[in-house]
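Working notes, structure below.
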């Protein structure tokens with residue numbers, strides 16, 4: 002017996018409908034716009050780029066803050082406390098995640114979103130998991146373009162959480178105005194638990210759970226200040242700050258945000274913020290060119306006809322890597 006009610010396809014909103022929805026901060030259409038951006042379907046991407054082109058003049062007005070930290074540092078609790086404080090002051094806050102491992106593990110922010118009960122229910126907050134492609138470049142592109150959508154929707158603060166390690170921290174730093182690293186003052190030898198590269202990226206190190214580890218706070222603060230003192234500052238206008246806070250009690254959160262706002266004023270007044278954003282755009286352009294060229298190379302039929310043979314020859318020691326690359330590029334360029 003056949004059903005008399007055929008399945009109806011949901012009508013996809015047009016670029017104009019998405020644009021209008023984003024501009025009036027319609028949460029459902031913001032979500033649809035971001036889903037479109039995250040899609041790897043070429044037709045969807047064409048539509049997404051048309052939307053972004055229309056939204057671009059309205060983007061750029063938020064304070065972008067990257068947040069990283071060691072496992073167990075209480076990142077989700079901290080983000081909820083900070084986000085709730087900001088929405089309580091009338092600001093609109095978005096929380097995004099960068100998780101290049103999410104394609105394998107499902108990521109952690111989906112769990113974080115259920116734990117951020119207050120912020121999830123706040124009409125002035127928007128929480129978005131990272132795309133599940135599991136490819137760092139794809140996640141980076143989607144996150145950068147999502148920031149543009151969020152800003153065009155009128156959000157004042159964008160908190161970009163990195164739940165990956167290593168390269169994802171560098172990637173997040175390259176798309177924000179301020180990079181905050183959360184650490185625990187009672188995690189043993191503090192400097193063993195964090196890579197030098199992350200310290201070099203930090204505009205601030207915040208020792209969380211200060212209420213629990215009060216007895217270890219002074220020593221940990223001294224160690225981090227000493228470590229930062231011997232490093233070259235990334236900016237001539239800012240020396241990284243070491244502070245403490247408790248996401249559970251809220252202690253230190255106000256002072257922490259005041260420091261971030263102070264940094265924003267200094268960077269804006271000196272012109273460094275604008276220069277940094279221009280540099281980030283150009284870096285994004287370079288990365289996008291590399292990604293597109295690599296995709297085109299990998300999808301080239303002439304290359305695919307010989308690449309396995311080249312890989313085997315390299316594995317067997319019949320040819321050098323350099324010669325194999327030259328042969329592959331020659332096929333690509335002549336196709």
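Residue numbers (my numbering): 2 to 336.
Each residue gets a CB set at the ideal place from its N, CA and C atoms; glycine is no exception.
Computed from a predicted model, the values in this text were never measured in an experiment.
Closest Cα partner of residue i within the set the options
| i | options | result |
| --- | --- | --- |
| residue 261 | 243, 247, 249 | 243 |
| residue 26 | 257, 89, 95 | 95 |
| residue 35 | 71, 12, 149, 61 | 149 |
| residue 343 | 248, 179, 310 | Outside the displayed range of the chain (2 to 336) lies residue 343, so it cannot be described from this structure. |
| residue 161 | 234, 91, 81 | 81 |
| residue 87 | 258, 78, 309, 71 | 258 |
| residue 298 | 330, 285, 282 | 330 |
| residue 185 | 70, 61, 78, 42 | 70 |
| residue 337 | 91, 183, 282, 121 | Outside the displayed range of the chain (2 to 336) lies residue 337, so it cannot be described from this structure. |
| residue 309 | 328, 117, 295, 292 | 328 |
| residue 79 | 90, 246, 163 | 246 |
| residue 336 | 320, 198, 306, 270 | 306 |
| residue 234 | 252, 218, 198 | 198 |
| residue 41 | 224, 293, 284 | 293 |
Buried/exposed call for residue i, threshold 16 Cβ in 10 Å
| i | result |
| --- | --- |
| residue 110 | Its pLDDT being 48, under 50, residue 110 is placed unreliably by the model, and the measurement read from it follows with that caveat. Classification of residue 110: buried, given that the 10 Å Cβ count is 16 or more. |
| residue 129 | buried |
| residue 75 | buried |
| residue 250 | exposed |
| residue 232 | exposed |
| residue 106 | Its pLDDT being 44, under 50, residue 106 is placed unreliably in this model, and the coordinates cannot settle the point. |
| residue 108 | Legend: pLDDT at residue 108 = 44, less than 50; position of this residue unreliable, value from coordinates given subsequently. Residue 108 should be labelled buried. |
| residue 72 | exposed |
| residue 210 | buried |
| residue 39 | buried |
| residue 322 | exposed |
| residue 290 | exposed |
| residue 190 | Confidence at residue 190 is low in this model, with a pLDDT of 49, below 50, so its placement is unreliable and the value that follows should be read with caution. Label assigned to residue 190: exposed. |
| residue 286 | exposed |
| residue 300 | exposed |
| residue 270 | exposed |
| residue 83 | buried |
Span separating the alpha-carbon of residue i from that of residue j
| i | j | result |
| --- | --- | --- |
| residue 255 | residue 85 | 11 Å |
| residue 141 | residue 220 | 36 Å |
| residue 229 | residue 201 | 8 Å |
| residue 54 | residue 144 | 16 Å |
| residue 332 | residue 31 | 43 Å |
| residue 67 | residue 169 | 11 Å |
| residue 13 | residue 206 | 44 Å |
| residue 152 | residue 215 | 38 Å |
| residue 180 | residue 174 | 6 Å |
| residue 303 | residue 313 | 17 Å |
| residue 241 | residue 177 | 15 Å |
| residue 238 | residue 277 | 13 Å |
| residue 268 | residue 62 | 14 Å |
| residue 172 | residue 46 | 22 Å |
| residue 21 | residue 37 | 15 Å |
| residue 154 | residue 316 | 52 Å |
| residue 147 | residue 282 | 14 Å |
| residue 222 | residue 204 | 15 Å |
| residue 119 | residue 252 | 18 Å |
| residue 263 | residue 334 | 51 Å |
| residue 90 | residue 182 | 24 Å |
| residue 425 | residue 208 | Absent from the structure is residue 425, since the part of the chain shown begins at 2 and ends at 336. |
| residue 124 | residue 163 | 24 Å |
CB-CB length for residue i against residue j, believed under 8 Å
| i | j | result |
| --- | --- | --- |
| residue 16 | residue 44 | Not confirmed; about 12 Å, so no contact. |
| residue 273 | residue 236 | 6 Å |
| residue 57 | residue 19 | Their Cβ separation, rounded to whole angstroms, is 14 Å, which puts residue 57 and residue 19 out of contact at 8 Å. |
| residue 325 | residue 311 | 4 Å |
| residue 156 | residue 93 | 4 Å |
| residue 28 | residue 127 | 7 Å |
| residue 265 | residue 50 | Actually they are not in contact, since the Cβ atoms of residue 265 and residue 50 sit about 30 Å apart, beyond 8 Å. |
| residue 99 | residue 131 | 6 Å |
>> List, from N- to C-terminal side, the beta strand (DSSP E) runs of 3 residues or more that fit wholly inside the stretch 235-267.
In response: 242-245
> What are the uninterrupted segments assigned as beta strand (DSSP E) that are 3 or more residues long and contained completely in the stretch 54-109, given in chain order?
Replying inline: 64-70, 94-99
>> I'd like the ranges of any alpha helix (DSSP H) spanning at least 4 consecutive residues and lying wholly in the stretch 140-171.
In response: none
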